[in-house]
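Encoded as structure tokens, the structure appears first; notes follow it.
Protein chains: 4
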Amino acid sequence: MFFASDNAGYVHPEVLDAISRDNAGYAMPYGADAGTQRVQSKLRDIFEAPDAMMHLVATGTAANALALACLSQPYETVFCSAVSHIHEDECSAPEFYSGGAKLTLVPCAVDKMSPDDLRKAIANEGTRGVHGPQRGAVSITQVAEKGSVHTLDELKALVDVAKEFDLPVHLDGARFANAMAALGCSAAEMTWKLGIDAVSFGGTKNGLMGVEAVIFFDPAKSWEFELRRKRGAHLFSKGRYLAAQMDAYLTDDLWLKSAASANANMARLAAGLRGLEGVRFLAEPDANMVFALMPRAMHRRLHDGGAVYYLMKGSLEGNDPNEPLLCRLVCDWSISHDQIDHFISLAAG
Amino acid sequence: MFFASDNAGYVHPEVLDAISRDNAGYAMPYGADAGTQRVQSKLRDIFEAPDAMMHLVATGTAANALALACLSQPYETVFCSAVSHIHEDECSAPEFYSGGAKLTLVPCAVDKMSPDDLRKAIANEGTRGVHGPQRGAVSITQVAEKGSVHTLDELKALVDVAKEFDLPVHLDGARFANAMAALGCSAAEMTWKLGIDAVSFGGTKNGLMGVEAVIFFDPAKSWEFELRRKRGAHLFSKGRYLAAQMDAYLTDDLWLKSAASANANMARLAAGLRGLEGVRFLAEPDANMVFALMPRAMHRRLHDGGAVYYLMKGSLEGNDPNEPLLCRLVCDWSISHDQIDHFISLAAG
Amino acid sequence: MFFASDNAGYVHPEVLDAISRDNAGYAMPYGADAGTQRVQSKLRDIFEAPDAMMHLVATGTAANALALACLSQPYETVFCSAVSHIHEDECSAPEFYSGGAKLTLVPCAVDKMSPDDLRKAIANEGTRGVHGPQRGAVSITQVAEKGSVHTLDELKALVDVAKEFDLPVHLDGARFANAMAALGCSAAEMTWKLGIDAVSFGGTKNGLMGVEAVIFFDPAKSWEFELRRKRGAHLFSKGRYLAAQMDAYLTDDLWLKSAASANANMARLAAGLRGLEGVRFLAEPDANMVFALMPRAMHRRLHDGGAVYYLMKGSLEGNDPNEPLLCRLVCDWSISHDQIDHFISLAAG
Amino acid sequence: MFFASDNAGYVHPEVLDAISRDNAGYAMPYGADAGTQRVQSKLRDIFEAPDAMMHLVATGTAANALALACLSQPYETVFCSAVSHIHEDECSAPEFYSGGAKLTLVPCAVDKMSPDDLRKAIANEGTRGVHGPQRGAVSITQVAEKGSVHTLDELKALVDVAKEFDLPVHLDGARFANAMAALGCSAAEMTWKLGIDAVSFGGTKNGLMGVEAVIFFDPAKSWEFELRRKRGAHLFSKGRYLAAQMDAYLTDDLWLKSAASANANMARLAAGLRGLEGVRFLAEPDANMVFALMPRAMHRRLHDGGAVYYLMKGSLEGNDPNEPLLCRLVCDWSISHDQIDHFISLAAG
């Protein structure tokens, strides 16, 4: 019963098969292989963006930090939610890659910025001449950090605020497929049709070994990205193995099917938990992640029964035995219904 | 007939098998998996260094730039040969990761610094108070960039110069195994027993998909490395797949056997070329790489016959048909004797 | 009637006289002159800190950014109030000089952090292993940004929190003398006796042309400071003119007398304003600065009468004529009583 | 007899008078004062460049590093001579300000690059795709580091090489006035008429307390410069005192007169030295600096007689009493003929 993260499961067998199939002969290194070209072409088709440029990297932090470095200047500030992954979980990689840009934290009720708060945060910067940082890119996480999925209207409203100020928009799509599966929209509808400029298109949390694509809809930034990627040591000599993974991912909708499985697993889990006394969700689990408050006794039963998940910071510190614990539960594509049902029955006590 | 690089061949089947074998169930992410612990332990045994700390990354540039960032301050200068990979081929990743340190280029006849030149270069810096950069780490490449292998005595002499000035020493061992196979020494003899402080221990050029280990013999720098690795976006969530590769690499001497194969392939190639009219080597191919001057007609025959390798910069620019061309030829472990013999027969004309 | 800033007045005549007196003959450059030595010695006496190291720079931002760069690592976060000058008014100089460290903004009612909020902010960082930034220095501004002066007990409580976590403490003392004059304490009591490690000791806002001293009570950081200062282009060749200014400043208590004048001027201004209908202070003006809410009609009279001061951001944007305006009023040492009284009479209408 | 440097003399009395004259009342801070505007206008007139933007800083290193940061990307390399001040004497400030760009050192016989060597150095970079740094700005020092002045034709030839590759050109003019005085040309002829894009226009070595202007002939880079200057902590609150110095400098040709004096002093010194047995110049002293080889006995006489100048690195290390010493001798505007003549008579023995 492993609900700790969607980056802990095994690689989808079709992905590993694709690697094995390609594992013969020689291929030109550093992305000059045929597979990398094929992936670029498939992504252009999927995104209905024939001019877009796609670049592969191996970690989500690399995708985010490199994309933002291409959209920002060192004397600018990037606008993101106060709980954003780029702020909380990347050890200041965006600051490092941008040469010292700031992040301006926009308040959020749970994990979504409101357009008004974003507008206020942007309006509040760039007003002190050279003394303050200048307004830089806006970064939005989809699926958001506590499990919410922005609707297309919500995304549009945030992008529109950025465009009021003529700022570029980056989408941290570590769980891009899960969001699309939840919304039932197209990749284009969730990105450039809204005005989004660059996307971190995740694969690692959805069955790959370690591949993300950075997509620029305007190819002008592409060469700078390639230089910054190399300089950041993220250019793989054996790029063909990144390409093989992403290629399999994009073949026969594997990416969407895996995401749909993960989301369905979470829906099953949430449905089970929802009925239990003392359980409350921080946000509706729109995709494959939920932050749930649960009674301590329930946690003890689960833990003793072998369930693995993260207790959020501070959960166990207090002394009040009546205070519930905040747990993060994530389903990946491979979790079985049996595991979920067993978890629920343990929780029910 | 692919002699372009040892980063273009396929992954060793035993490595891929290891990945497949491990591809089940869940593993704690970010290096907290059992495989990563196992690799650390194996490397400690191999290096006879029970306190050393080992960290996995996926590219050689990451290994070098992160190791040097831990050994250097932004106001220092790193001493390396004028043809070193960290200077020529990493798009200034060392400068980026160190926060703007300099590289001081030590002259080299072909690809090895002499102790005297290194001493002179070090003595020449750090003499202008705050006006010049301060003396920083020394970085040595083994196998060196044009195919030479430093003898243990040569390495010792360079390390001793660094120690005269109390400077830390980094070994760029992208082809570490090839050097060891050539020298027939132990890993300890080629590193900490000489006084080397940190090693980029390469695997990617010798049959892995993309894994290098950074080794610090003094564990004090280890935590800083982990922070810089994360901040550089080089911490893999699914670290177990890096570990699986490195584990297979270190099992049953696969790393040394593969390197020995590659070296033997080069020896066969070199023996064949050596007898041909008009062929000259820039340096003796001690390991698996040679830079060879060859007549233009010979190159044309090889090229037309399907041989793939790099012509060095400027080779084809001149107009003098009598001027030889400088070619880089690299053998990986998987090159067949047939390919080599066919290459030689084409070259012979 | 110039109340816009204490960095807009003229240089104290005794300071200019000192420059003129010294303006003859040759002096060794880059701080190797006798005057720089003399200043170091005087500051050590004043601070009762015989081992401390003092370094001169020409701007307050240089003092803060360089001091913090010596106390922080790029992968750390600096704790400061949400309205701190280093966050709001230095165009991310601390991020630049530290190589990309973060600032963690501690909430503050007006301009002082509470020990509890600081503790909470520190406790909240450094809990996510390598994923978040590590805990770095604490920076406190004295006089604080809205005109408050921390009492010694308040400072002590904040420093104690930093020491609970073993973090170094920096004091941004752009108005150091004004705070000391307000508290009537010694320089040592306001700094190292509390546990403060480094001080930006301001002079520019108190009658100098442009000189600040950075003071490290532990001399171990001194050489690194000198390297970072040079590298940041803040080492003056003609250092003797910085020294001459600081020397005059420290002679016959000029610094304290000037600060006392400035504070007294503010007290006179505040006393006058306090009695007026509709005027309210954001914080008690403990030193030489006040943020005052005043009716729009009052502002119009003052403005038309030639008074100069800053309206804070947004003050004039609203449409509600009943909403008061937020003004910043600063007195330097040279403001005359006539100017102040004329201002009050204009304000009174 | 102080020939150590032109940054050790006193400030020209007319400059100090200008400061004193302006030292009254209030002036808007951060360059919004009237004096800064006046200086901009005067520099535009002198450079015959009505659209150019001028920015004041206080050190030559700040001028160079900030100008180059605006002309370079972190993944580029700046081309400069192997003895350039930006490489040898700024503790890697250009690397720091540019975010980690490289400097490519162009060989030079004494202190001037040849167009061929520059072309070769540029051609040699930017040929390895993303693996090497990209071609960046060219920086030329005028007066060069060993005392030579480039003729207009020499400058033109270097700028033309840069323009072949479409690269921007920076002129490090720490001794701009001395060069102009030596060449008898106009400021425009020595800069934008040749194609130079940005100039560090020095004042500190020629009678100012500490002011340099950075000039961009294309104003497009001006705003970025202002942000980088603030972020680098080089924006002075009391900018009026920088302006007052520069204003006096540009009034009644003070800058050119002072430079002419300094050059004439050097000419007198050189004429005297030239006749002495065993004296040889590294380069013809075209302006106010000479590097002279002199017998050890001569040096001893001068030293014992109270002459101050720098012995170059290594001069005194050797044991051979017959080996001459390399000395740097610099004249500033204020050196008296008596001092020079006394120096010569001591040298003559």
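These protein sequence lines map, in sequence, to chains P, X, D and Y.
In our numbering, each residue's number is its place in the first sequence (first place is 1) plus 5.
In our numbering, each residue's number is its place in the second sequence (first place is 1) plus 5.
In our numbering, each residue's number is its place in the third sequence (first place is 1) plus 5.
In our numbering, each residue's number is its place in the fourth sequence (first place is 1) plus 5.
Backbone N, C-alpha and C define an ideal beta-carbon position, used for all residues, glycine too.
Any chain Y beta carbon closer than 9 Å to residue i
{"i": "D:H239", "result": "yes"}
{"i": "X:N12", "result": "no"}
{"i": "P:H136", "result": "yes"}
Within-9 Å CB hit, residue i to chain P
{"i": "D:C113", "result": "no"}
{"i": "X:S46", "result": "no"}
{"i": "X:T64", "result": "yes"}
For residue i, the three-state DSSP class (helix, strand or coil)
{"i": "P:Q147", "result": "coil"}
{"i": "X:Q78", "result": "coil"}
{"i": "X:S266", "result": "helix"}
{"i": "X:H60", "result": "strand"}
{"i": "X:V83", "result": "strand"}
{"i": "D:H347", "result": "helix"}
{"i": "D:I201", "result": "coil"}
{"i": "Y:E282", "result": "coil"}
{"i": "Y:I220", "result": "strand"}
{"i": "Y:A177", "result": "It is worth fixing the name first, because residue 177 of chain Y is Asp in this sequence and not Ala. Looking at Y:D177 - three-state DSSP - the assignment turns out to be strand."}
{"i": "Y:G65", "result": "helix"}
{"i": "Y:V88", "result": "coil"}
{"i": "P:L172", "result": "coil"}
{"i": "Y:Y31", "result": "coil"}
{"i": "Y:V314", "result": "Sequence inspection shows Tyr at residue 314 of chain Y; the Val mentioned does not correspond to that position. In the structure shown, Y:Y314 sits in coil (DSSP, three-state: anything other than H, G, I, E or B)."}
{"i": "Y:E229", "result": "helix"}
{"i": "Y:A106", "result": "coil"}
{"i": "X:S341", "result": "coil"}
Beta carbon proximity, residue i to chain X, threshold 9 Å
{"i": "D:H60", "result": "no"}
{"i": "Y:A29", "result": "no"}
{"i": "Y:E100", "result": "yes"}
{"i": "D:P224", "result": "no"}
Cβ-heavy atom distance, residue i to the ligand ATP, below 8 Å
{"i": "D:V111", "result": "Among the ligands in the structure shown, none appear at all, so the ligand ATP cannot be discussed."}
Beta bridge counterpart(s) of residue i as assigned by DSSP
{"i": "Y:Y254", "result": "Looking at the DSSP assignment, Y:Y254 forms no beta bridge with any residue, so it has no partner."}
{"i": "P:M294", "result": "P:V335"}
{"i": "X:R245", "result": "Paired residues: none, contrary to the question."}
{"i": "P:G277", "result": "Beta-bridge pairing links P:G277 to no other residue."}
{"i": "X:L330", "result": "X:M299"}
{"i": "Y:F206", "result": "Y:G178, Y:A218"}
{"i": "D:F401", "result": "The structure shown has nothing for residue 401 of chain D, since chain D only spans 6 to 354."}
Closer than 9 Å to chain D by CB, residue i
{"i": "Y:C96", "result": "yes"}
{"i": "P:K107", "result": "yes"}
{"i": "P:G215", "result": "no"}
{"i": "X:G283", "result": "no"}
{"i": "P:S103", "result": "yes"}
{"i": "X:Q139", "result": "yes"}
Supposed close pair residue i, residue j - CB separation, criterion 8 Å
{"i": "Y:S86", "j": "Y:T156", "result": "About 16 Å; that fails the 8 Å criterion."}
{"i": "D:A74", "j": "D:A186", "result": "At roughly 30 Å, the Cβ-Cβ gap does not stay under 8 Å, so D:A74 and D:A186 are not in contact."}
{"i": "P:V20", "j": "P:Q250", "result": "5 Å"}
{"i": "D:T64", "j": "D:E217", "result": "7 Å"}
{"i": "P:Q78", "j": "P:M59", "result": "Wrong, their Cβ atoms sit about 24 Å apart, outside the cutoff."}
Cutoff 9 Å: residue i Cβ touching any chain A Cβ
{"i": "D:S263", "result": "The displayed structure is made up of protein chains P, X, D and Y, and chain A is not among them."}
Completely contained beta strand (DSSP E) runs for the stretch 108-164 of chain D, where each covers 3 or more residues: If one requires a minimum length of 3 residues, the beta strand (DSSP E) runs lying completely within the stretch 108-164 of chain D are 139-146, in chain order.
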